[in-house]
Amino acid sequence: MPSKTMMIHGNTACAEAAIMAGCRFFAGYPITPSSEIAEYLAYKLPLLDGIFIQMEDEIASICAVIGASIAGLKAMTATSGPGFSLMQENIGFACIAEIPCVIVDVQRGGPSTGLPTLPSQQDVMQSRWGTHGEHPIIVLTPSSASETFHLTIKAFNLSEKFRVPVILLTDEITAHLTEKVTIPDKDQIKIINRKKPAVPPEKYIPYQIDDTYIPAMANFGDGYRYHITGLVRDEQGFPTNDPEIIEKQLIRLNQKLEKYRNEIIEYDTQFTEDFEKLVICYGSPYRAAKNAVTRARDKGIKVGLIKLKTLWPFPGEEIKPYTAKAKKIIIPEMNLGQVAYLIKSEVCDDDKIIKINKINGEPITPEEIYKTLIWSD
Amino acid sequence: MDYLRYLRIDKLPHIWCEGCGNGIVLKSLLRVIDELKLDPDKTVIVSGIGCSSRTPGYMDFNTLHTTHGRAIAYATGIKLAKPELEVIVITGDGDATAIGGNHFIHAARRNINITVLIYNNYIYGMTGGQVSPTTPLFKYTTTTPYGNPEQPFDISKLAKAAGASFVARTTVYHFQKMDTYIKKAILKKGFSVVEIITPCPTAFGRKNKEDRGIDMLKKQREIAVPIEKAKSLSSDELKDKIIIGIFQDIEKEEYTDLYKRIREEIKNNNKVRL
């Protein structure tokens, strides 16, 4: 079957992509602006021998997702800020026990119940540090329905390959704007499945440290009886208080993604052949930024544009060559400067950075970015 | 029977205190598993947090030690993903009915085919003896130094009211009954709960002048009243007694079966509504 073009919004693109990536389990709890993902999958999954369940709350949802993944299904949940907060402890469980799963957070304004129907990017730090302890995590963020499709597939692939929860951090605008999405043919999509043990059950060591840093995962019911716990464990999966083993396991856990940065980190650059000013953006503000940068260049202002699609691991090293060249760096965000803070602390000097922040529930306009590009010197 | 066959011998000795009843439940469960000839490769034991929830670590099955209160939610995901697996949850009174109360009642409502063994020792044992939703009125705990002012939950009545297919209560003293109930619970297709009253001399006993496990067992023998007999007793006569027996044993369509049936119907009859 050839690729097909559809007019769909980001949430539908996400649900379609999840199915193509092999997701056959969804557990969730309704919350605006993410609910269409659940509604679409409630309709589609049973037709594909998959499972949809609306659980009693968000905590139960993420737990059921992890349980289903342990039993061998690719599993996902979708939520928004308040629900995402509730899931955090058990996202931590998936991090330490190394259980693949995908969590979609369609951001709305916060804190607390906040602005249920309005866009925001206030969960950048929550997506990285919401759960306690030090742990690996991957966060991807799309700026359009098309990118939502592409990054949802990538989220499943990275999750399965690295045995890590992957957060797809979208926002109300990306989720609800209907636009053209080209759905590729199945053959055109690369699908990654978790590495299964290549040894017989009696030789299986669930958390064995090897060169890849990623242990093979046996699904419950496949004949490999082993123990999974949220406690810090030894290679065999059992709780330990031995400082040497704790350190070894936790260091591996926290470094496992660093080895694979190139496979995880994704960003786009535009107009970067020659630039003096640089706009760095992610998520739906990209739309406004693209318009503003194009207009500014028409006026002869040398502006470059970087769109981040991976937020964690943070692509600081990757964008450094660009920020080093820029005289001014403009960072539009629908929060008070969460990525600007990272760029300040990890990438470049404070005095170069101009933040454009908005937390009133309205999108950042092209005009606001354009004005900043014109007047910043 | 050979209990060691089902245990991870290198993980012993266990962490439970002298006089604790958890080991009695573990042996009962293993006797039933042996009698029913459950395939260890197809059996999953899930637990939450607390003393009871360390049980799976000693059992040579597919074992999962989850977060506080969430065992049933994890088990729901496993059972839905692979309904052919036998899923048994081991949890405590605090784990199941305080932090996990919502999951407990909703799993019962759905009637998903999971067996839940609730070790009820009326206290948070592992965290040092704080009040739990089942601590009797006026009893002393580390967080009720003047006596417990809260009315306790009756776990079995709660499970029955929430829609569980099978509900029974026993004490660890009545271990033969415990074998029978656990067996019936596993065989029952639907959500099954066995509430097991078990002594915690270290945390509950110490605070309430019952600091010997053996005395707590003897007391279980004295105050246990079979459910049939309880029907003829007044509420005054039942004060401070433990009613043991089968509270619920009914047939009702099970959730994963129901889900499968709907899935087949929509595929066969094109019963899809867009």
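These protein sequence lines are chains B and A, in that order. All residue numbers for the first sequence refer to our numbering, where the first residue is 1 and numbers rise by one. All residue numbers for the second sequence refer to our numbering, where the first residue is 1001 and numbers rise by one. For glycine and all other residues, C-beta sits at the position ideal for the given N, C-alpha and C. The structure displayed is predicted, hence computed values, not measured ones.
Check for me: the alpha helix (DSSP H) holding residue i runs from which residue to which?
{"i": "B:TYR43", "result": "35-44"}
{"i": "B:ASP119", "result": "Note that residue 119 of chain B corresponds to Pro in the displayed sequence, not to Asp. Here B:PRO119 belongs to no alpha helix (DSSP H); instead the beta strand (DSSP E) covers 115-119."}
{"i": "B:CYS63", "result": "58-70"}
{"i": "B:MET217", "result": "That residue, B:MET217, is in no alpha helix (DSSP H); it is neither H nor E in DSSP."}
{"i": "A:GLN1176", "result": "1175-1187"}
Would residue i and residue j qualify as a contact pair, given that the criterion is a beta-carbon distance under 8 Å?
{"i": "A:CYS1017", "j": "A:THR1135", "result": "no"}
{"i": "B:LEU115", "j": "B:GLY361", "result": "yes"}
{"i": "B:CYS101", "j": "B:MET76", "result": "yes"}
{"i": "B:PHE149", "j": "B:ILE183", "result": "yes"}
{"i": "B:THR269", "j": "B:ILE330", "result": "no"}
{"i": "B:PHE411", "j": "B:LEU336", "result": "The displayed coordinates of chain B run from 1 to 377. Any statement about residue 411 of chain B would go beyond what the structure contains."}
{"i": "A:PHE1247", "j": "A:ILE1223", "result": "no"}
{"i": "B:ILE70", "j": "B:ASN193", "result": "no"}
{"i": "A:LEU1181", "j": "A:VAL1194", "result": "The amino acid occupying residue 1181 of chain A in the given sequence is Tyr; Leu does not appear at that position. Yes, they are a contact pair."}
{"i": "B:ALA326", "j": "B:GLU273", "result": "no"}
{"i": "B:ILE138", "j": "B:MET20", "result": "no"}
{"i": "B:LEU278", "j": "B:GLY304", "result": "yes"}
{"i": "B:VAL106", "j": "B:ALA38", "result": "no"}
{"i": "A:ALA1108", "j": "A:ALA1168", "result": "no"}
{"i": "A:THR1198", "j": "A:ILE1244", "result": "no"}
{"i": "B:GLU89", "j": "B:THR131", "result": "yes"}
{"i": "A:SER1028", "j": "A:PHE1204", "result": "no"}
{"i": "B:ALA288", "j": "B:THR365", "result": "yes"}
{"i": "B:TYR40", "j": "B:GLU58", "result": "no"}
{"i": "B:LYS195", "j": "B:ILE167", "result": "no"}
{"i": "B:GLU378", "j": "A:HIS1106", "result": "Residue coverage of chain B in this structure runs from 1 to 377, which leaves residue 378 of chain B outside it and unanswerable."}
{"i": "B:THR117", "j": "B:GLU36", "result": "no"}
{"i": "B:GLU318", "j": "B:ILE265", "result": "yes"}
{"i": "B:PRO201", "j": "A:ARG1263", "result": "no"}
{"i": "A:THR1141", "j": "A:GLN1151", "result": "no"}
{"i": "A:PHE1166", "j": "A:ASP1249", "result": "yes"}
{"i": "B:VAL164", "j": "B:PRO119", "result": "no"}
{"i": "B:TYR370", "j": "B:LYS309", "result": "no"}
{"i": "B:ALA340", "j": "B:ILE359", "result": "no"}
{"i": "A:VAL1225", "j": "A:LEU1217", "result": "no"}
Thinking just about the alpha-carbon of each residue, which of the options is nearest to the one in residue i?
{"i": "B:GLY10", "options": "B:PRO142, B:PRO136, B:ARG128", "result": "B:PRO142"}
{"i": "B:SER144", "options": "B:LEU86, B:GLN236, B:LYS290", "result": "B:LYS290"}
{"i": "A:ASP1041", "options": "A:PHE1061, A:ALA1081, A:ALA1098", "result": "A:PHE1061"}
{"i": "B:SER146", "options": "B:ASN357, B:PRO285, B:ALA13, B:ILE353", "result": "B:ALA13"}
{"i": "B:ARG108", "options": "B:GLY81, B:ASP351, B:LEU73", "result": "B:GLY81"}
{"i": "A:CYS1051", "options": "A:HIS1065, A:LYS1160, A:LEU1004", "result": "A:HIS1065"}
{"i": "B:ILE374", "options": "B:PRO215, B:ARG297, B:ILE96", "result": "B:ARG297"}
{"i": "A:ASP1010", "options": "A:GLU1035, A:LYS1037, A:MET1059", "result": "A:MET1059"}
{"i": "A:ARG1110", "options": "A:ASP1257, A:PRO1149, A:SER1232, A:SER1234", "result": "A:ASP1257"}
{"i": "B:ALA198", "options": "B:ALA216, B:ASP211, B:ILE189", "result": "B:ALA216"}
{"i": "B:ARG223", "options": "A:LEU1030, A:LEU1007, A:THR1043", "result": "Inspection of the sequence shows that residue 223 of chain B is occupied by Gly rather than by Arg. When each option's Cα is compared against that of B:GLY223, the closest is A:THR1043."}
{"i": "A:CYS1020", "options": "A:GLY1213, A:LYS1079, A:LYS1231", "result": "A:GLY1213"}
Throw me the rounded Cβ distance for the residue i and residue j pair, which I believe falls under 8 Å.
{"i": "A:ILE1033", "j": "A:LEU1117", "result": "Not quite, the Cβ-Cβ distance comes to about 12 Å (not below 8 Å), so this is no contact."}
{"i": "B:ILE209", "j": "B:ARG252", "result": "5 Å"}
{"i": "A:GLY1069", "j": "A:GLY1100", "result": "3 Å"}
{"i": "B:GLN249", "j": "B:VAL232", "result": "6 Å"}
{"i": "B:SER3", "j": "B:ASP185", "result": "5 Å"}
{"i": "B:ALA64", "j": "A:ALA1073", "result": "6 Å"}
{"i": "B:PHE26", "j": "B:PHE52", "result": "5 Å"}
{"i": "A:VAL1046", "j": "A:ALA1081", "result": "In fact, because the Cβ distance is near 13 Å, the residues do not count as touching under 8 Å."}
{"i": "A:ASP1154", "j": "A:TYR1122", "result": "Wrong, their Cβ atoms sit about 12 Å apart, outside the cutoff."}
{"i": "A:LEU1026", "j": "A:THR1055", "result": "6 Å"}
{"i": "A:GLU1086", "j": "A:LEU1012", "result": "Not really, about 24 Å apart at Cβ, beyond 8 Å."}
{"i": "B:SER284", "j": "B:PRO206", "result": "That belief does not hold up - the Cβ atoms of B:SER284 and B:PRO206 are roughly 41 Å apart, past 8 Å."}
{"i": "A:ILE1088", "j": "A:THR1115", "result": "5 Å"}
Please confirm whether any heavy atom of the ligand ADP lies closer than 7 Å to the CB of residue i.
{"i": "B:TYR282", "result": "Among the ligands in the structure shown, none appear at all, so the ligand ADP cannot be discussed."}
Quick one: give me the first and last residue of the beta strand (DSSP E) that residue i is part of.
{"i": "B:VAL166", "result": "165-171"}
{"i": "B:MET20", "result": "No beta strand (DSSP E) contains B:MET20, which is instead part of the alpha helix (DSSP H) from 10-21."}
{"i": "A:TYR1119", "result": "1115-1120"}
{"i": "A:THR1134", "result": "From DSSP, A:THR1134 is part of no beta strand (DSSP E); its letter is neither H nor E."}
{"i": "B:GLN236", "result": "Neither: B:GLN236 is in no beta strand (DSSP E) and is coded neither H nor E."}
{"i": "B:GLU101", "result": "The question names Glu, yet the displayed sequence has Cys at residue 101 of chain B. 101-109 is the extent of the beta strand (DSSP E) around B:CYS101."}
{"i": "B:GLU179", "result": "178-183"}
{"i": "A:SER1047", "result": "1043-1047"}
{"i": "B:PRO332", "result": "328-333"}
Legend entry - Whole runs of the beta strand (DSSP E) within the stretch 1053-1100 of chain A, excluding any shorter than 3 residues: 1062-1065, 1086-1092
Inset, instruction - Ignoring anything shorter than 4 residues or poking outside the stretch 244-320 of chain B, list the alpha helix (DSSP H) runs there in chain order. - result: 261-264, 285-298
Legend entry - Sequence ranges, alpha helix (DSSP H) only - wholly within the stretch 1204-1264 of chain A, length at least 4: 1213-1223, 1227-1230
Legend entry - Any alpha helix (DSSP H) of 4 or more consecutive residues that is wholly inside the stretch 122-147 of chain B: 124-129
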